[in-house]
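K.L.:
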Amino acid sequence: MEVIEGNIYDYPKYYDVLFGADWKAEYDFLLACFDKHVRRPVRRVFEPACGTGRLLVKLAGAGMEVAGNDLNPKAVEYCNARLVRHGFAPTARLGDMSDFKLRPKAHAAFNTINSFRHLPSEQAAENHLRCVAAALVQGGVYVLGLHLTPAGTPLCDEESWSARRGHLSILSRMWSIRIDRRRRKERVGFTFDVYTPLRQFRLTDELDFRTYTAAQFRRLLARVPELEPVETYDFAYDIDEPARVTSQTEDVVFVLRKR
Ligand SMILES: C[S@@+](CC[C@H](N)C(=O)[O-])C[C@H]1O[C@@H](n2cnc3c(N)ncnc32)[C@H](O)[C@@H]1O
74 MEVIEGNIYD YPKYYDVLFG ADWKAEYDFL LACFDKHVRR PVRRVFEPAC
124 GTGRLLVKLA GAGMEVAGND LNPKAVEYCN ARLVRHGFAP TARLGDMSDF
174 KLRPKAHAAF NTINSFRHLP SEQAAENHLR CVAAALVQGG VYVLGLHLTP
224 AGTPLCDEES WSARRGHLSI LSRMWSIRID RRRRKERVGF TFDVYTPLRQ
274 FRLTDELDFR TYTAAQFRRL LARVPELEPV ETYDFAYDID EPARVTSQTE
324 DVVFVLRKR
C-alpha cells in the first residue's frame, strides 16, 4: 500500500469520517451540561480548536450561534464550508487557542477530545484558559475533556476503529509511542488506511501531546482563578454520573465556570 507521511489535520475529510460519526454522546452531554451548569440560557457557543466543526454544526442546527477557531487552515476551510452548506454563517476563524479574543462573548465553550493537550507548554495552556475565561460571559462554562496520565500504572495505549462515508472507508490506528513524564510529552502515532474505489493508501503521522497528571492539572487551574471548577465527569458523558478525579483517573471532563 502507498504510504504518505503527513499531518492528519491536513486531511479534514478523512478526520471527519473517523471522528465525525461520534458526535451524538458529546452533543447530548454538552446540551445537558449547559442546562445544568450555566445559570442563563445558552445562545452563543465557542469551540477552541474546532477542527472540522462536527459538533459546531449540530449546535448551530439546535439554534445556537456558534463560532470556533483552529490553527489549521484546511480544517477552518472545511468547517466553514460545512456551516455554509447547512445554512449557517462561516464563523470558524484561523487562530491560536492560546491567543484569541472573542466578541460577543459566549455563554459556553467546549473542547472535548484532547485538543487542549496540543498546547506545548504550561504558559500556552495558562494563556489558553485566560483567553477562554475572557471569551465567556460571567456564569458561562468551559467544558474541557482530556486524558490525564495516571500515576505509576501502564496506560491502555492503542485504539483501532474504522468508519465509512459513501465510497470512502477508513481504518484508523492510534497508539502511544512513548511518554516522557519529565518533559511532559506523549508521542502518539496515527495511521489512516484510506480506501476509495480508485485508490488505497496509508497516511501516517506522529503528534506530541502535553501530559497532565491530576495534580498538575489542578495546579494549572489554580493559576487561572477566573475559571472555577464546578464538576467533573468522565468520557461516559453521563450528566447524572459525575466522576471524582483521583491520581488514577485517565479520562476526565472538567466543567469550569467563569466567575
Ligand atoms: C483532535 S482535533 C479536534 C477537533 C475538534 N475539536 C473535534 O472535536 O473534532 C484537534 C484540533 O486542534 C487543532 N489545534 C492544535 N493546536 C491548536 C492551537 N494552538 N490553536 C487552535 N487549534 C489548534 C488542530 O489543528 C486540530 O484541528
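So for the sequence shown, this note's numbering puts the first residue at 74; every next one is plus one.
Where is the CB? At the ideal position from N, CA and C, for every residue including glycine.
Quantities reported herein were computed from a predicted structural model and do not represent experimental measurements.
May I have the straight-line CA-CA distance separating Tyr-82 from Pro-193, to the nearest angstrom?
P.N.:
On the sequence shown, position 9 is the one that residue 82 refers to. On the sequence shown, position 120 is the one that residue 193 refers to. Cα to Cα, Tyr-82 sits roughly 17 Å from Pro-193.
K.L.:
Do Asn-142 and Ala-165 have their C-beta atoms closer together than 8 Å?
P.N.:
For the purposes of this step, residue 142 is taken as the residue at position 69 of the sequence shown. For the purposes of this step, residue 165 is taken as the residue at position 92 of the sequence shown. For Asn-142 and Ala-165, yes; Cβs fall inside 8 Å.
K.L.:
Please name the residue in Thr-264, Tyr-268, Thr-222 and Arg-330 whose C-alpha comes closest to that of Tyr-215.
P.N.:
For the purposes of this step, residue 215 is identified with residue 142 of the sequence shown, where counting begins at 1. Cα-wise, what sits closest to Tyr-215 is Arg-330.
K.L.:
Run through DSSP, which three-state label would Asp-281 get?
P.N.:
Within the sequence shown, the letter at position 208 stands for residue 281. Asp-281: strand per DSSP, three-state reduction.
K.L.:
Look up Asp-143 in the DSSP assignment and say whether it is helix, strand or coil.
P.N.:
Within the sequence shown, residue 143 is the residue found at index 70, counting from 1. Looking at Asp-143 - three-state DSSP - the assignment turns out to be strand.
K.L.:
What separation, rounded to the nearest whole angstrom, lies between the Cα atoms of Glu-40 and Val-205?
P.N.:
A question about residue 40 goes unanswered here, because the residues of the chain that appear run from 74 up to 332.
K.L.:
When you compare the CB positions of Asp-127 and Asp-89, do they come within less than 8 Å of one another, or not?
P.N.:
Looking up residue 127 in the sequence shown gives position 54. Looking up residue 89 in the sequence shown gives position 16. The amino acid occupying residue 127 in the given sequence is Arg; Asp does not appear at that position. Result yes, Cβ atoms of Arg-127 and Asp-89 sit closer than 8 Å.
K.L.:
My understanding is that Ala-98 touches Tyr-310, with C-beta atoms under 8 Å, so please give their C-beta distance in whole angstroms.
P.N.:
Here residue 98 is taken as the residue at index 25 of the sequence shown, counted from 1. Here residue 310 is taken as the residue at index 237 of the sequence shown, counted from 1. 5 Å between Cβ atoms; contact.
K.L.:
Run the proximity test for Phe-263: is its beta-carbon closer than 7 Å to any non-hydrogen atom belonging to ligand 1?
P.N.:
The residue labelled residue 263 in the question sits at position 190 within the sequence shown. No, the Cβ of Phe-263 stays beyond 7 Å of every heavy atom of ligand 1.
K.L.:
From what residue to what residue does the beta strand (DSSP E) around Gln-211 run?
P.N.:
Within the sequence shown, numbered from 1, the residue matching residue 211 stands at position 138. Note, Gln-211: beta strand (DSSP E), 209–220.
K.L.:
Based on the DSSP output, what are the partners of Glu-75 in its beta bridges?
P.N.:
Residue 75 sits at position 2 when you count from the first residue of the sequence shown. According to DSSP, which records beta bridges pairwise, Glu-75 is partnered with Phe-274.
K.L.:
Would you call the stretch 296–306 in contact with the stretch 269–283, where contact means no fewer than 3 C-beta pairs closer than 8 Å?
P.N.:
Contact fails: fewer than three Cβ-Cβ distances are below 8 Å.
K.L.:
Could you tell me the distance, in whole angstroms, from the CA atom of Thr-264 to the CA atom of Pro-177?
P.N.:
By one-based count along the sequence shown, residue 264 stands at place 191. By one-based count along the sequence shown, residue 177 stands at place 104. Answer to the nearest angstrom: the Cα atoms are 39 Å apart.
K.L.:
Along the alpha helix (DSSP H) that carries Val-130, what are the first and last residues, could you check?
P.N.:
Stepping through the sequence shown from its first residue, residue 130 is reached at position 57. Looking at the DSSP string, the run of the alpha helix (DSSP H) that includes Val-130 is 129–134.
K.L.:
Could you give the distance in angstroms between the alpha-carbon of Thr-305 and the alpha-carbon of Val-111?
P.N.:
Working through the sequence shown from its first residue, we reach residue 305 at position 232. Working through the sequence shown from its first residue, we reach residue 111 at position 38. Going from the Cα of Thr-305 to the Cα of Val-111 covers about 15 Å.
K.L.:
Mind checking whether the beta-carbon of Pro-121 lies closer than 7 Å to any heavy atom of ligand 1?
P.N.:
Your numbering for residue 121 matches position 48 in the sequence shown. Yes; taking the cut-off as 7 Å, the Cβ of Pro-121 has a heavy atom of ligand 1 nearer than that.
K.L.:
Are Thr-125 and Ala-148 touching if we call contact CB-CB under 8 Å?
P.N.:
As a position in the sequence shown, residue 125 is number 52, starting the count at 1. As a position in the sequence shown, residue 148 is number 75, starting the count at 1. Taking 8 Å as the Cβ cut-off, Thr-125 and Ala-148 qualify as a contacting pair.
K.L.:
Over what stretch of residues does the alpha helix (DSSP H) that includes Tyr-82 continue unbroken?
P.N.:
The count along the sequence shown starts at 1 and reaches residue 82 at position 9. Per DSSP, Tyr-82 belongs to no alpha helix (DSSP H) and is neither H nor E.
K.L.:
Ends of the beta strand (DSSP E) at Phe-327?
P.N.:
Residue numbering aside, residue 327 sits at position 254 when the sequence shown is read from its first letter. 324–331 is the span of the beta strand (DSSP E), which, as asked, contains Phe-327.
K.L.:
Just to confirm, does Met-137 get its C-beta within under 7 Å of one of the non-hydrogen atoms of ligand 1?
P.N.:
Residue numbering aside, residue 137 sits at position 64 when the sequence shown is read from its first letter. Outside the cutoff, so no.
K.L.:
When you measure from the CB of His-220 to every non-hydrogen atom of ligand 1, does any distance come out below 7 Å?
P.N.:
To locate residue 220, count along the sequence shown from 1; it is residue 147. His-220 Cβ: outside cutoff for every heavy atom of ligand 1.
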